[in-house]
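In this note's numbering, the protein residues as written are 6 to 173.
1. In this structure, how does DSSP classify residue 15 when only helix, strand and coil are distinguished?
2. Return the CA-CA distance between residue 42 and residue 68, expressed in angstroms with no decimal places.
3. I need the straight-line Cα distance from residue 109 to residue 102, nearest angstrom please.
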């Protein structure tokens, strides 16, 4: 047998009725508080998203700037390297030109020394020839040159003197 209880005698009915009355009385306040909390949280999330977007844009700008600086540094390094190569080539060419000029100066100095040595040798040969000729002339004169031959020899020497002076 099953016995039916009335609505008011069941404790579950009172709990349900109390629950409904509670929500009717406090529902709007609770709803307002809950929606306010949810709106506040939604605003915080929006603010965090906006901050994240701003930080992302800043990071992208910094990345672009860093890439531009890197590219500029690479360009500067390439220009510096090209300048250094150019300067090295210029210095090598200058060193080669200096070495060639130095070799030419040494060659000229050697040629000048050779010419001076040749002139000194020729002068020595002339002096020796003059000494030999003078000695031979003395011997010839001492050993028997007649007055007529002596006068003819002096006349020939006087006549040949201008040509000998020009040759010397």
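Glycine included, every Cβ here is placed at the ideal spot set by N, Cα and C.
Here's the rundown:
1. Residue 15 sits at position 10 when you count from the first residue of the chain shown. DSSP places residue 15 in coil when its eight states are reduced to three.
2. One-based indexing of the chain shown puts residue 42 at position 37. One-based indexing of the chain shown puts residue 68 at position 63. When rounded, the separation of the alpha-carbon atoms in residue 42 and residue 68 is 38 angstroms.
3. If you number the chain shown from 1, residue 109 lands on position 104. If you number the chain shown from 1, residue 102 lands on position 97. Their Cα atoms are separated by approximately 10 angstroms.
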